[in-house]
Structures are given as structure tokens and as C-alpha cells.
Amino acid sequence: MTEQHDSIILNFVVRVLLVPFIFVFGVYVLVHGEASPGGGFQAGAIVAAGLVLARLTTGSEHGERRISTRVLLWLASAGIGIYVLAGIVPLLAGVNFLDYAALPVEWFNAVAGHERTNRAMGIFIVEVGIFIGVFSVLVILYDHLTERFTDD
Amino acid sequence: MKWLTAALLLPLAALLIYVSADLPDRGDPDAPANLHLSPELVEVTERDIEIPNIVTAVLADVRGYDTLGETLVVFTAGLAVLLVLMRGARPRDSGRSNER
Chain A
968 MTEQHDSIIL NFVVRVLLVP FIFVFGVYVL VHGEASPGGG FQAGAIVAAG LVLARLTTGS
1028 EHGERRISTR VLLWLASAGI GIYVLAGIVP LLAGVNFLDY AALPVEWFNA VAGHERTNRA
1088 MGIFIVEVGI FIGVFSVLVI LYDHLTERFT DD
Chain B
214 MKWLTAALLL PLAALLIYVS ADLPDRGDPD APANLHLSPE LVEVTERDIE IPNIVTAVLA
274 DVRGYDTLGE TLVVFTAGLA VLLVLMRGAR PRDSGRSNER
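So the sequences go chain by chain: A and B.
Numbered by the working numbering, the letters in the first sequence go through residues 968 to 1119 in order.
Numbered by the working numbering, the letters in the second sequence go through residues 214 to 313 in order.
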């Protein structure tokens, strides 16, 4: 379960065809979550599933060298941090906790040439935080649940 | 004991089935659930947030505090599992300590 498979077909199909597609689809679900069903939780689950698939074929040893538990823990904390920051910045501006209307993100409209409300931007920032947190936690769970099997 | 459970549950089932006939139709705009809060949420999404997906607007903005708690629950659950599974592992190398 955690050893590397040597099948070239499996490696090609998973690492060249499937996993990149799953990652792109996960990011699509994340950024399109405000127009269609989707959002941070779903996108995090999808991208984590892609990474778990890659680890199933390339083996956990090889996979974990790329993103270790330590990095994933930092990532999960950073996801929560993004969310909390999106709540605290409006607090410093003198309005309620998580009141995205006070977030200083108006510059994005000029950069993108697309009119968006601050609250829509706040929703997106928060979704990115949820995405990073859920993705990291799911991969941590996979890594440490499969680690026990190698002990037996 | 089995008959006692049945004797208690059958009247309850009969009551619920009888009551369900009076429930409003699905998607009925005049149902009580659609009169109080839903129109306000639709209006807020259209007026202040301007995104097409009302569900996302409610999840991340109107109920942002709730969603923050949900994310913290996921994070805490991951930490708890990590702590339980890493019990006995040597400190300093948080990865796989044994070579196999």
C-alpha cells in the first residue's frame, strides 16, 4: 500500500493523465465556487484525493519527501491563519469581525479590470484559506494512517 | 421488549405520516420557511455581494463565523488524529521514523 509500484502504465496514467487533471479540476472547483456548486471544502477534498492517488502509486516514502508532515502542518495552520486574518483586518478597521466589506482589496478591481465587491473578494480569500486547511489535514491523515501499516 | 418497542413506534409512525399530509409542498414560496429569512438572504446576496451562488454567499459571508468554526473543527480533528497516531514516535523526526 505504501511501496512504490514499478508498472510504467500505472505510473503514466496516474502521474501524467489523472493527477494533473484532478489538480486543475480542484482549483476550478475552488475559484468557480461562487458561481456554481463548490468551494473550499470540496476543492480541498478533490486536490487531497489527487495527492493521495499520486502517493498510492509512487509510494509514500517518495511522496512524503516532497511534502512532509511538517510542511503540511504549517500549511494547515496558514489556511486557518488566512481565514482568521480576513476576520481580524476588518476588526482593526473598526467594524465587525469577518465583515469583508472593510477589507482593503479594492486595488484588485483595477488590476483585473473587473468590478467585484469587497465582500465577494472576502469570500474568495476565506475559501482559499479553507481549501489550504482541508487539503493539508486530509493529506496528513492519509500519511499517518498508512504509516501504521508499515509497522506490522 | 420487541413488542413494547413496536407498540411505541407504530403510533409514532402513524402520527408522523398523518402530520406529513399537512406539510407545505417542496419549494412552495408561501411556506413558512421561505417567508422569514430566505428573501432577505437572496436580497443581500444580490445587492451587497453580487455573486451568483447564494449558497456560497451564505456559507462564507453571512455565516462566516460558523464556517470559521467548521474549518477549526477539521483542523483540530486532524491534529488530534496526528497526536494519537504519533504516540511513541521519536521526537525531532515527525516523518516516518522506521525505514520500512
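By construction, the Cβ of each residue, glycine as well, lies at the ideal position given by its N, Cα and C atoms.
These figures come from a predicted structure and were not determined experimentally.
CB contact below 8 Å: residue i versus chain A
i	result
B:G262	Going by the sequence as given, residue 262 of chain B is Ile instead of Gly. Cβ-Cβ to chain A under 8 Å: yes for B:I262.
B:Y278	yes
B:L254	no
B:S307	Note that B:S307 has pLDDT 49, beneath the 50 cutoff, so the model's placement of it is unreliable and the number below is only indicative. It does: the Cβ of B:S307 has a partner Cβ on chain A nearer than 8 Å.
B:D274	yes
B:G291	yes
B:T269	yes
Distance CB(residue i)-CB(residue j) smaller than 8 Å
i	j	result
A:V1014	A:F988	no
A:L1020	A:V981	yes
A:G1100	A:G1046	yes
A:I1049	A:I1092	yes
A:R974	B:N266	Inspection of the sequence shows that residue 974 of chain A is occupied by Ser rather than by Arg. In this structure, B:N266 does not lie closer than 8 Å to A:S974 by Cβ.
A:A1010	B:G291	no
A:L997	A:E1094	yes
A:I1097	B:T269	no
A:H1111	B:V294	yes
Check: residue i C-beta below 7 Å from any heavy atom of the ligand FMN
i	result
A:I1013	Ligands displayed in this structure: none; no statement on the ligand FMN is therefore possible.
Neighbour flag for residue i against chain B, beta carbons, 8 Å
i	result
A:I1107	yes
A:V996	no
A:H1081	no
A:G1006	yes
A:R982	no
A:G1054	yes
A:D1119	Residue confidence is low: A:D1119 scores 45 on pLDDT, short of 50, so the model does not pin down where it sits. Its coordinate-derived value is still stated next. Answer no: the Cβ-Cβ gap between A:D1119 and chain B never drops below 8 Å.
A:V1062	no
A:G1000	yes
Where the alpha helix (DSSP H) through residue i begins and ends
i	result
B:D243	Where B:D243 is concerned, there is no enclosing alpha helix (DSSP H), given that its DSSP letter is neither H nor E.
B:E256	S251 to V257
A:R1037	T1036 to L1059
A:L1018	G1007 to T1025
A:F1075	W1074 to A1079
A:F992	V986 to V998
A:N978	I975 to F979
B:D279	G277 to L298
Backbone CA spacing between residue i and residue j [nearest angstrom]
i	j	result
A:F1008	B:V287	10 Å
B:L254	A:L1070	21 Å
B:I264	A:N1085	11 Å
A:L977	A:T1113	20 Å
A:S1035	A:G1089	30 Å
A:L1040	A:T1024	23 Å
B:A220	B:L228	13 Å
A:F1075	A:G1017	31 Å
B:P224	B:S233	14 Å
A:D1066	B:E259	17 Å
A:R913	B:D235	Any answer about residue 913 of chain A is impossible in this case: the structure gives chain A only from 968 up to 1119.
A:A1068	B:T218	55 Å
Residue-chain proximity (residue i, chain C), Cβ-Cβ < 8 Å
i	result
A:H1111	Checking the listed chains, one finds no chain C in this structure; the protein chains it contains are A and B.
### Task
For the region 1090-1102 of chain A, enumerate the residues whose C-beta is nearer than 8 Å to any C-beta of chain B, in chain order.
I1090, V1093, E1094, G1096, I1097, G1100 and V1101
#### Entry: Residues of the region 1005-1026 of chain A with Cβ closer than 7 Å to any Cβ of chain B, in chain order
G1006
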